[in-house]
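*Asks:* Protein chains in written order, with full-length UniProt numbering: chain A, 1 to 192; chain B, 1 to 192; chain C, 1 to 192; chain D, 1 to 192. Ideal Cβ placement from N, Cα and C applies to all residues, glycine included. My structure is below; once you've seen it, I'll send some questions.
There are 4 protein chains.
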Amino acid sequence: MATQQTDEKIIKAFSKLVLKLGYQGTTTKRIASEAGVNESTIFRHFKDKHSILEQLVNTYSRDIEQIGQSFEFTGDIVQDLMRVATIYHDFVANHQVVFLLGLRESYRFPEIGQALRQLPKRFKNLVVTNFNEMVEAGEIRATANVTEEATNFILLNFGNAVFTYAYPTARLQVPMKAFLAENIRTFAEHLQ
Amino acid sequence: MATQQTDEKIIKAFSKLVLKLGYQGTTTKRIASEAGVNESTIFRHFKDKHSILEQLVNTYSRDIEQIGQSFEFTGDIVQDLMRVATIYHDFVANHQVVFLLGLRESYRFPEIGQALRQLPKRFKNLVVTNFNEMVEAGEIRATANVTEEATNFILLNFGNAVFTYAYPTARLQVPMKAFLAENIRTFAEHLQ
Amino acid sequence: MATQQTDEKIIKAFSKLVLKLGYQGTTTKRIASEAGVNESTIFRHFKDKHSILEQLVNTYSRDIEQIGQSFEFTGDIVQDLMRVATIYHDFVANHQVVFLLGLRESYRFPEIGQALRQLPKRFKNLVVTNFNEMVEAGEIRATANVTEEATNFILLNFGNAVFTYAYPTARLQVPMKAFLAENIRTFAEHLQ
Amino acid sequence: MATQQTDEKIIKAFSKLVLKLGYQGTTTKRIASEAGVNESTIFRHFKDKHSILEQLVNTYSRDIEQIGQSFEFTGDIVQDLMRVATIYHDFVANHQVVFLLGLRESYRFPEIGQALRQLPKRFKNLVVTNFNEMVEAGEIRATANVTEEATNFILLNFGNAVFTYAYPTARLQVPMKAFLAENIRTFAEHLQ
DNA sequence: AATGAATGAGAATTCATTCAT
DNA sequence: TATGAATGAATTCTCATTCAT
């Protein structure tokens, strides 16, 4: 069996289990059985259990760099913020494991916390840049406090993401689509 | 030594340790040494380790009922929202342990998740009620989408709380006081 | 069961097994079953497996200090050397485990090597002192090379001890009693 | 690659590692990496890990037969014993690995012990023969106890060898050259 | 009511060895 | 012949919990 396939099987099993069982609950024995490999095989592919997580975090960090590369402002604040929020939530959805581990385990593994903090930073920059351009273009009221609005925007999205993924069983009755379509719109309209 | 004192010592030790070390990191051995009691004494006071957490959650649930009992709207939206936000953050600050455990461990202990979800619900109700009254009184634009604004308000505060307590080392550079004074004000002003 | 009893049972079991099976062969599982305690009990009495060995080494080091405290030279070289040799071999016999572990494992646990090297040093000093006094008293030829003779004496005894304990099944056909009675006598007489 | 080359590479790697790390510390993984071959290749060349050691022991046993074949007594006791001692120490130096493994692991692998015991036997014979001839020739005092002197000579050299190789970091401050030149001379002179 | 001692069920990891190519 | 991948058995150690006093 090709090495990479096994790598992937292990990572997949790890990811799946971590969501259900947390990091500690995801024992190497369970990973092995979920991945359909021998327990010791895990250690031929990863130095130790923690390295599996590390690899996920690395992927996360690499992916962060790509975010918003091709983003282009349309000048329509509602459209733009909805797209930024969508990108944000797609990213989180694609990196649920790291996102959740960051929430749950960053006190144990500082590297995760560090990686995670890049995300809001990056998005805030994106939003602030957007806002400033729009203020100049007169599309946002000149009186708007750009920094605070940007922070609020990030916190709003972050709060929603945490709610969605940390309490998956009973979300605050705002499905993600509705959140993006309505709550973000509501927020955006205030700026016009 | 009176039973209750020992109970409290154990709960205190547990709470202190959980913040630093998480639930699993908070071993009964460490609880005992932090509380200054024998490890087996813990099991005379609590059925098992999980029951310590349960008791904290019960206190949390009881305290939630008290929230906003005596809250009175002034009719000034900025003032009111700032007060609601303050109450929210004070509550979270006083129940950090449960708040964090909810974030980290609710996937393992559904009861925590359940208890925690009461908080935003309750606050949302408080805010919605407030908003509706204000809309009637003409202090909030009639066109405002009350439910969404309330949700946004809650998510914003929740997001900030998570940031503050889950990543204590590197918060998004918004100290709580500033957040309450400025970010909430900014949010509130949009509604006028 | 009193703590010390269990301590001793573990140490005894460890010692017995190490002689047969070496350090690595002496697994905690085997120690437990030999000592009649649960495997995890070992770790409540000793920080880790290595600490059991450490304790033996400490005892060894402490005992070394006592050696020869009450030794008094009779002035008869044959008698004196036979007594020194007897003390040496009794000491080794009473500390077989550490002696053997030193031989076998000192490359892994430098502390053992360090402790072990005290023994020949100490004995050499004892012998050199003895010799010098005797040279002055005219009981040893003035031409004798005291240091070299002392070294030879130590190496001779050390060699015999290693042979006896490292290859217990087939000693060089010199039983310890005979060695002390005859070989040491032979050595001693050369000095007169 | 010729089979023998690989054989040798593995033996070489094994020998080098065993000196530093002992038998158990010399894992097949490390042997492979030191030898520059794949781990599983080892098992195509040797039935199992133990067989590598076996082969070394066989070489040792074969080499023992050669010892002293061409040795000729000069009749000068000092010269002769110094030469015997030199041959002994050269042999040990050339077979350090087996010598050390014998010291450390003979309790596990009796064959090593068996092989090792040949060495002192053989040398003792050599010395006894020598001594007897000299006694006849009047070069050694007729009163000398030949067997005991021979045993002492062997144990002295053995003791020195163990000290040198088992505690390489802190030998009893007698460098091998000095030992051969002076200690052996001292010993020899007593026989004249 | 509190303690000290002991326990059993795992947990992560290592290692010699085998198997398929 | 040599390799890369996989394995199973074993090892040290941890932890919540129970038992006897």
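Which residues in the same chain have their Cβ closer than 7 Å to the Cβ of I31 (chain A), if we skip the five residues on either side of it in sequence?
*Replies:* Locating residue 31 (chain A) in the first sequence gives position 31, counting from the first residue. Correct list, in chain order: I10, A13, F14, L17 and I42.
*Asks:* Please report the distance separating the alpha-carbon of T186 (chain A) from that of G75 (chain B).
*Replies:* Within the first sequence, numbered from 1, the residue matching residue 186 (chain A) stands at position 186. Within the second sequence, numbered from 1, the residue matching residue 75 (chain B) stands at position 75. Rounded to the nearest angstrom, the two C-alpha atoms are 22 Å apart.
*Asks:* Decide yes or no for the touch test of the stretch 136-146 of chain C against the stretch 82-91 of chain C: beta carbon pairs closer than 8 Å, at least 3 of them.
*Replies:* The stretch 136-146 of chain C is not in contact with the stretch 82-91 of chain C.
*Asks:* Could one say the Cβ of K20 (chain A) lies closer than 8 Å to chain B's Cβ atoms, at least one of them?
*Replies:* Here residue 20 (chain A) refers to the residue found at position 20 of the first sequence. Yes - at least one Cβ of chain B is within 8 Å of the one on K20 (chain A).
*Asks:* Kindly say whether residue 253 (chain A), judged by its beta-carbon, lies nearer than 8 Å to any beta-carbon of chain B.
*Replies:* Any answer about residue 253 (chain A) is impossible in this case: the structure gives chain A only from 1 up to 192.
*Asks:* Roughly how many whole angstroms lie between the Cα atoms of Q114 (chain C) and T59 (chain B)?
*Replies:* Taking the first residue of the third sequence as position 1, residue 114 (chain C) is located at position 114. Taking the first residue of the second sequence as position 1, residue 59 (chain B) is located at position 59. Each residue's alpha carbon lies about 58 Å from the other.
*Asks:* Pull up the distance between the alpha-carbon of M176 (chain B) and that of A150 (chain A), whole angstroms please.
*Replies:* Translated into the one-based positions of the second sequence, residue 176 (chain B) becomes position 176. Translated into the one-based positions of the first sequence, residue 150 (chain A) becomes position 150. Between M176 (chain B) and A150 (chain A), the C-alpha separation is close to 16 Å.
*Asks:* 8 Å is my cut-off, CB to CB: does H190 (chain C) come that close to chain D?
*Replies:* Taking the third sequence and counting its residues from 1, the one referred to as residue 190 (chain C) is at position 190. H190 (chain C) counts as touching chain D.
*Asks:* Given a limit of 7 Å on CB to CB distance, which residues of the stretch 128-153 of chain A reach chain B?
*Replies:* Under the 7 Å Cβ criterion, the stretch 128-153 of chain A contributes N145, E148, E149, T151 and N152.
*Asks:* Checking contacts by CB at 8 Å: is A166 (chain D) closer than that to chain C?
*Replies:* In the fourth sequence, residue 166 (chain D) corresponds to position 166, counting from 1. For A166 (chain D), the answer is yes, since a Cβ of chain C falls inside 8 Å of its Cβ.
*Asks:* Could you please give the first and the last residue of the uninterrupted alpha helix (DSSP H) stretch that includes V37 (chain B)?
*Replies:* The sequence position of residue 37 (chain B) within the second sequence is 37, counting from 1. Careful: V37 (chain B) lies outside any alpha helix (DSSP H) and carries neither H nor E.
*Asks:* Considering only C-alpha positions, which residue in the set A:R44, A:H50 and A:G36 is nearest to Y23 (chain A)?
*Replies:* Position 23 of the first sequence, counting from 1, holds the residue named residue 23 (chain A). Cα-wise, what sits closest to Y23 (chain A) is A:H50.
*Asks:* Between F187 (chain B) and chain A, is any beta-carbon pair separated by less than 8 Å?
*Replies:* Here residue 187 (chain B) refers to the residue found at position 187 when the second sequence is read from its first residue. With 8 Å as the cut-off, F187 (chain B) counts as an interface residue toward chain A.
*Asks:* In terms of residue numbering, what span does the alpha helix (DSSP H) encompassing G159 (chain C) cover?
*Replies:* Translated into positions along the third sequence, residue 159 (chain C) becomes position 159. Where G159 (chain C) is concerned, the enclosing alpha helix (DSSP H) stretches over V146 to A166.
*Asks:* In this structure, how does DSSP classify R108 (chain C) when only helix, strand and coil are distinguished?
*Replies:* Counting from 1 along the third sequence, the entry for residue 108 (chain C) is found at position 108. Of the three classes helix, strand and coil, the one that applies to R108 (chain C) here is coil, per DSSP.
*Asks:* In chain D, which residues lie with their C-beta within 9 Å of the C-beta of R104 (chain C)?
*Replies:* Locating residue 104 (chain C) in the third sequence gives position 104, where the first residue counts as 1. Here the neighbours are G22, L103, R104, E105, Y107 and A166.
*Asks:* Tell me whether K124 (chain C) counts as near the ligand HEM, meaning its Cβ is closer than 7 Å to at least one heavy atom of that ligand.
*Replies:* With respect to the ligand HEM, the structure offers nothing, as it holds no ligand at all.
*Asks:* Could you tell me which chain B residues have their CB closer than 8 Å to the CB of E182 (chain A), listed as they occur along the chain?
*Replies:* As a first step, residue 182 (chain A) must be located in the first sequence, where it is residue number 182. What E182 (chain A) touches in chain B: N145 and E148.
*Asks:* Since E148 (chain D) contacts N183 (chain C) with CB under 8 Å, what's their CB separation in whole angstroms?
*Replies:* Position 148 of the fourth sequence, counting from 1, holds the residue named residue 148 (chain D). Position 183 of the third sequence, counting from 1, holds the residue named residue 183 (chain C). Yes, they are in contact, since the Cβ atoms of E148 (chain D) and N183 (chain C) sit about 5 Å apart, within 8 Å.
*Asks:* Quick one: list the residues of chain B neighbouring R30 (chain A), beta-carbon separation under 8 Å, in chain order.
*Replies:* Within the first sequence, the letter at position 30 stands for residue 30 (chain A). Residues of chain B passing the Cβ test: none, with the nearest at roughly 14 Å.
*Asks:* Examine chain A for any beta-carbon lying closer than 8 Å to the beta-carbon of R62 (chain B), and answer yes or no.
*Replies:* Here residue 62 (chain B) refers to the residue found at position 62 of the second sequence. No, R62 (chain B) does not count as interfacial toward chain A.
*Asks:* Whose CA, out of A:F131, A:N130, A:V128 and A:L101, lies closest to the CA of R117 (chain A)?
*Replies:* For the purposes of this step, residue 117 (chain A) is taken as the residue at position 117 of the first sequence. Checked all of A:F131, A:N130, A:V128 and A:L101; the closest Cα to R117 (chain A) is A:L101.
*Asks:* Would DSSP call S15 (chain B) helix, strand or coil?
*Replies:* Along the second sequence, read from residue 1 onward, the residue named residue 15 (chain B) stands at position 15. S15 (chain B): helix per DSSP, three-state reduction.
*Asks:* I'd like the list of long-range same chain contacts for residue 229 (chain C), defined as Cβ closer than 7 Å, with 5 residues on each side in sequence excluded.
*Replies:* Missing from the structure shown is residue 229 (chain C); chain C here goes from 1 to 192 and no further.
*Asks:* For residue 193 (chain C), return the contacting residues in chain D, with the cut-off set at a CB-CB distance below 7 Å.
*Replies:* An answer regarding residue 193 (chain C) cannot be provided, because it is not within the stretch 1 to 192 covered by chain C.
*Asks:* Note down the Cα distance separating L126 (chain B) from I77 (chain B), rounded to an integer number of angstroms.
*Replies:* Stepping through the second sequence from its first residue, residue 126 (chain B) is reached at position 126. Stepping through the second sequence from its first residue, residue 77 (chain B) is reached at position 77. Spanning the two alpha carbons is a distance of roughly 13 Å.
*Asks:* Which residues of chain C have a Cβ atom closer than 9 Å to the Cβ of F99 (chain D), listed in chain order?
*Replies:* Looking up residue 99 (chain D) in the fourth sequence gives position 99. Near F99 (chain D) there are no residues of chain C at all, since even the closest Cβ is about 11 Å away, more than 9 Å.
*Asks:* Report the neighbours of L81 (chain D) on chain C: residues whose CB is nearer than 7 Å to its CB, in chain order.
*Replies:* Within the fourth sequence, residue 81 (chain D) is the residue found at index 81, counting from 1. Neighbours of L81 (chain D) on chain C: none; closest Cβ ~12 Å, over 7 Å.
*Asks:* Taking the beta carbon of F99 (chain A) as the centre, do at least 16 other beta carbons fall within 10 Å, making it buried, or is it exposed?
*Replies:* To locate residue 99 (chain A), count along the first sequence from 1; it is residue 99. F99 (chain A) comes out buried.
*Asks:* Using a Cβ-Cβ distance under 8 Å, would F71 (chain C) count as near chain D?
*Replies:* Within the third sequence, residue 71 (chain C) is the residue found at index 71, counting from 1. With 8 Å as the cut-off, F71 (chain C) does not count as an interface residue toward chain D.
*Asks:* Can you give the Cα-Cα distance for V162 (chain A) and G159 (chain B), rounded to whole angstroms?
*Replies:* As a first step, residue 162 (chain A) must be located in the first sequence, where it is residue number 162. As a first step, residue 159 (chain B) must be located in the second sequence, where it is residue number 159. Those two C-alpha atoms are separated by around 8 Å.
*Asks:* What residues in its chain sit with their C-beta under 6 Å from that of K124 (chain D), if we drop five residues either side in the sequence?
*Replies:* Residue mapping note: residue 124 (chain D) aligns to position 124 of the fourth sequence, counting from 1. Cβ within range, chain order: A150 and I154.
*Asks:* Would you kindly work out how many angstroms separate the C-alpha atoms of F73 (chain A) and A93 (chain A), rounded to a whole number?
*Replies:* Here residue 73 (chain A) is taken as the residue at index 73 of the first sequence, counted from 1. Here residue 93 (chain A) is taken as the residue at index 93 of the first sequence, counted from 1. F73 (chain A) and A93 (chain A): Cα-Cα distance of roughly 23 Å.
*Asks:* Taking a contact to mean a Cβ-Cβ separation below 8 Å, would you say R104 (chain C) touches L103 (chain D) in this structure?
*Replies:* Here residue 104 (chain C) refers to the residue found at position 104 of the third sequence. Here residue 103 (chain D) refers to the residue found at position 103 of the fourth sequence. Yes, they are a contact pair.
*Asks:* So that I know if they touch, is there some Cβ in chain C lying closer than 8 Å to that of F43 (chain D)?
*Replies:* Reading the fourth sequence from its first residue, position 43 is the one you call residue 43 (chain D). It does not; no Cβ of chain C falls within 8 Å.
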